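Numbering (the UniProt record's numbering), first residue to last: 1 to 159. Before any comments, here is the structure.
Here it is as structure tokens:
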């Protein structure tokens, strides 16, 4: 996703919706089989904008969800795309996969992350934990003005 967006404004709404739908279809397929990807991030979603095609890659972290009480002993995923609950120490889950997908669609539509790229890890973690209580304020601004309210609501629920 990053390479197709660098230096460019967000994708047209219809294109981002189609690509986002593909990403959520992939997650639905995995989750119905009990598989959590655990690293849905900008670098792991390959997009061919000219063909409106999408591929989810890097299943190295993917696995069945941890049993209740089992601890994740190794960190997983990409810190900048980690869901608030993962930052807080919980194990990656279907919910954290949805967070990552929402972040990718947000990036497709706006051309930026809800936080600044390159922001120090501690700052990212603090902002992620704060975001768990309040939906991203980043769904405002000129690039979101004409976006359908249902899409903004969906992204608000993902993030």
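Beta carbons are placed, not taken as given, at the ideal position from N, Cα and C, and that holds for glycine. In this text, all values refer to a predicted model and were calculated from it rather than measured experimentally.
| Check | Outcome |
| --- | --- |
| Around the C-beta of residue 60, are 16 or more other C-beta atoms found within 10 angstroms, so that it is buried, or is it exposed? | exposed |
| DSSP three-state call for residue 45: helix, strand or coil? | strand |
| Sort 31, 21, 34 by Cα distance to residue 45 and report the nearest one. | 21 |
| List the whole-angstrom C-beta distance separating residue 102 from residue 159, where the pair is believed to meet the contact cut-off of C-beta under 8 Å. | 5 Å |
| Residues in its own chain within less than 7 Å of residue 24 by CB, not counting five upstream and five downstream? | 101 |
| According to DSSP, is residue 64 helix, strand or coil? | coil |
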